[in-house]
Amino acid sequence: MRTLLIENALVAGMRSADDLHPSGAVWAEEGIIRALGSEARAAAAAAGARGEPVERVDAEGLWLFPGFVQTHIHLCQTLLRNGPDDLPLLPWLKTHVWPGEAAHDEETLFLSARLGLAELAAGGTTAILDMGTVRHTDAVFRAAEASGLRVTSGNALMDDPSTNPPGLFAETEEALAEGERLFARWHGTAGGRLRFAWCPRFAVSCTDRILRESASRARAQGVLVHTHASENRDEVELVRARSGRANIEHLRDLGIAGPATVLAHVIHTNEEERQLLAADGTAVAHCPSSNLKLASGICPVPDYLARGIRVTLGADGAPCNDRLDPFSEMRHAALLQKVASGPAALTAWQVARMATAEGAAALGLGDVCGTIEVGKRADFVLLDPSAGFARPTSWRDDPYGPLVFAFDRGNVVETRVDGEVVFHRDRRPGRGLAPTASEIEAAAGRLRERIAKNGRREPSPPLEGRA
Ligand SMILES: [Zn+2]
C-alpha cells in the first residue's frame, strides 16, 4: 500500500479560521487522508512496526494548506500569453484570442496545456475548471492525465455563425457530438481526476439551442456546465440586444443555473440577477487579475457573499493576466474590495476559503478536496514561510494574511495530488511535463504563422457592431 506521513507542519485545515494545527501531521493511504495529528503518527508507527514502507516528510517550519482550486482557466491560451495588453474584452477576443485558438493543432494545443499545467502545479494549484477551445480537446485531457492534476474541461461550444470566426465555429450538432465523445472518452478517468464539463463559451457565441442542450445534458450526466457571463458591459448589451433579457436571466431561461453551474466573472449584474444567483445556488468564478487587465470592472464579491452566493477564484487565460498564479488572484481579490468597499469588506480568511474549499465545492468536489480532512484526497501544498522575503513577523496565529498578501509562488515547496508529488521546487516542473524554452518558441512560432495565414483568408465576425 502507498502510504505517506507529513509531520511537523503547521496544518491549515480550512474548515474554519481556527482549524490550525501547529506541529500537525497528515497520514494518507493510497492518496486518501486517513488520520490527522497524533493518530497520523500512530498509524505511521504501526505501519513501520509491520515492516511496511512509509514515505515520511519532515515538514518542520512549513505550512500545509489544501491545494488551491482555480475555477476558471483556459489551458489552450497559454501559448498566447503577452498578446495586446491594452484592449477591452470583445476586440481582444476578436483580434488576438480567437485567431490564436483557431490556429491550434493537436500538437500546439498539447504543448499549451503542458505549459499551463506545469505553471499551475508550481503555484500550488491542484484542481482546475478549464474551458477548452473548439477542436483538439483530447490534447488538453492527455496533458492533464500526464500532469497529475485534477482537471475538469470540455470543448468550447461556439455555434452561432454570425458572431464566431469561421475557423473557431462548430455547427450545433457537431459541437454536441464532440462533447458527447469527450464525455465518453475522458469523464471519470485517471482515478476520477479527469472530468468533462459542458462549456458554452458565452451567450454571444451560442445559439439558444446549444445553451439549452448543454445545460440539459449536463444535468442528465451529472456534470458541470461552465460559461462566461456578464464580464463586460458591451457583452451584457449584446446579450440584451439578442435576447431581450438580462444575461443571467437569459442563461437561466435556457437552464444554465444551479449548484452545478460555474459562471466566470459575473461583474455587471442587476438586483434581480443577484437574487436569482443566490436562489439557484449558482457559483461565480471571480478572476480579479483578468478583470483588471481587460478593464472589465470590479466583481461585487462582498455583496454576493452577503447574499450567500458561492464565489471562487480563477486566473482565467494567460493572455489576460498574464499569470496562472493563485497568489496573484488572492492578493488582487482582497485588495480590489478594500478600494471598492472599505478595508474590512473581504478578509484574508474569506479569500483563502474562496481559493480552496469554496472552489472545490463549486466544482462538485466538496467531498474530495478543498480542506484537510479524514476521508478526503491528499491534495495539498507545502509552503515555506522563510523562502524569499515574505517571512511573517507578526502573524499572530493567523496565517491567512501572510498567505494572501505576502506569499507568492516562491514560497511553494511542493504540491501533491492524491498524495503524489506534482511539483517540487528542487525538481523539473510538472513531472517533466513543462516544455523547454525552445519547444515553447517553436510552437509559438508555428502558431503565429498559422494565425497570419488564416488572417489573410478569413473575415472576422462583426462582433462589436451588433449591440
Ligand atoms: Zn475566460
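Numbering (the working numbering), first residue to last: 297 to 763. Beta carbons: idealized from backbone N, C-alpha and C, even for Gly. Keep in mind the model is a prediction, meaning the values are calculated, not measured.
Which of helix, strand or coil DSSP assigns to residue i
| i | result |
| --- | --- |
| SER319 | strand |
| ALA763 | The predicted model places ALA763 with a pLDDT of 35, which falls under 50 and marks its position as unreliable; any figure quoted below should be read in that light. ALA763 falls in the coil class under three-state DSSP. |
| LEU729 | coil |
| LEU478 | helix |
| ARG705 | helix |
| ARG712 | strand |
| ARG752 | helix |
| HIS546 | helix |
| ARG673 | strand |
| VAL500 | helix |
| THR374 | helix |
| VAL700 | helix |
| VAL532 | helix |
| LEU416 | helix |
| ALA686 | coil |
| LEU573 | helix |
| THR459 | coil |
| ALA657 | helix |
| LEU472 | helix |
| ARG744 | helix |
| LEU590 | coil |
| ASP312 | Correcting the residue identity first, residue 312 is Ser in this sequence and not Asp. If DSSP states are grouped into helix, strand and coil, SER312 belongs with coil. |
| ILE506 | helix |
| ALA343 | helix |
| ALA553 | coil |
| GLU735 | helix |
| ASP663 | coil |
| PHE437 | helix |
| PRO598 | helix |
| SER585 | helix |
Residues that DSSP places opposite residue i in a beta bridge
| i | result |
| --- | --- |
| TRP359 | LEU306, LEU679 |
| ALA423 | VAL365, ARG446 |
| CYS495 | ALA452 |
| VAL558 | HIS522, ALA579 |
| ASP354 | GLU303 |
| GLU325 | THR299, ILE328 |
| VAL717 | ARG712 |
| LEU490 | VAL447 |
| ASP722 | In DSSP, ASP722 forms no bridge with anything. |
| ASP612 | ILE369 |
| VAL607 | VAL580 |
Nearest candidate by alpha-carbon position, reference residue i, set the options
| i | options | result |
| --- | --- | --- |
| PHE703 | THR578, ALA648, ASN543 | ALA648 |
| PRO318 | ALA308, VAL607, VAL365, ALA473 | ALA308 |
| GLU567 | VAL521, PRO596, VAL558 | PRO596 |
| LEU572 | PRO555, HIS582, PRO584 | PRO555 |
| ALA313 | ALA398, HIS432, MET650, PHE479 | MET650 |
| ARG337 | VAL709, LEU376, LEU301 | LEU301 |
| ARG491 | ARG431, CYS502, ALA423, THR523 | ALA423 |
| ARG431 | SER408, ASP456, PHE465, ARG753 | PHE465 |
| LEU383 | ALA340, VAL521, ASN587, GLU625 | ASN587 |
| TYR600 | ASP621, GLU745, HIS561 | HIS561 |
| VAL664 | LEU642, GLY715, SER526 | GLY715 |
| ARG497 | TRP482, LYS672, ARG513, LEU389 | LEU389 |
| TRP645 | HIS582, VAL607, GLU467, GLY697 | GLY697 |
| ALA355 | PHE676, THR689, LEU743, ALA748 | PHE676 |
| GLY428 | CYS495, ALA440, LYS634 | CYS495 |
| ILE369 | LEU425, GLU348, PHE406 | LEU425 |
| GLY580 | GLY638, ASP618, GLY655 | Gly is not the amino acid found at residue 580; the sequence shown has Val there. With distances taken between Cα atoms, VAL580 lies closest to GLY655. |
| PHE361 | PRO387, SER539, ASP315, ALA331 | ASP315 |
| ASP434 | SER449, LEU445, LEU332 | SER449 |
| GLY684 | GLY706, ALA414, LEU699, LEU550 | GLY706 |
| GLY613 | SER510, GLU467, LEU371, GLN633 | LEU371 |
| THR523 | TRP323, ARG505, PRO395, ALA493 | ALA493 |
| ALA440 | LEU661, ASN304, TRP482 | TRP482 |
| THR557 | HIS564, LEU547, THR565 | LEU547 |
| ALA409 | ARG746, ALA553, PRO731, ILE747 | PRO731 |
| LEU642 | ARG744, ASN304, LEU385, PHE701 | PHE701 |
| THR421 | GLY444, MET454, LEU407, ARG570 | GLY444 |
| PRO380 | LEU590, SER690, ARG570 | LEU590 |
| ASN378 | LYS672, ASN750, PRO615 | PRO615 |
CB contact check: residue i to chain C, cutoff 8 Å
| i | result |
| --- | --- |
| THR578 | The chain inventory of the structure shown lacks chain C, comprising one protein chain alone. |
Proximity test, residue i beta-carbon vs ligand 3 heavy atom, cut-off 7 Å
| i | result |
| --- | --- |
| ALA560 | This structure lacks ligand 3; its bound ligands are ligand 1. |
Extract the residue ranges of the alpha helix (DSSP H) inside the segment 614-650, only unbroken runs of 4 or more that lie entirely within it. 622-637, 644-650
Counting only runs that start and end within the segment 380-405, where is the alpha helix (DSSP H) found for 4 or more residues in a row? 385-388, 394-398
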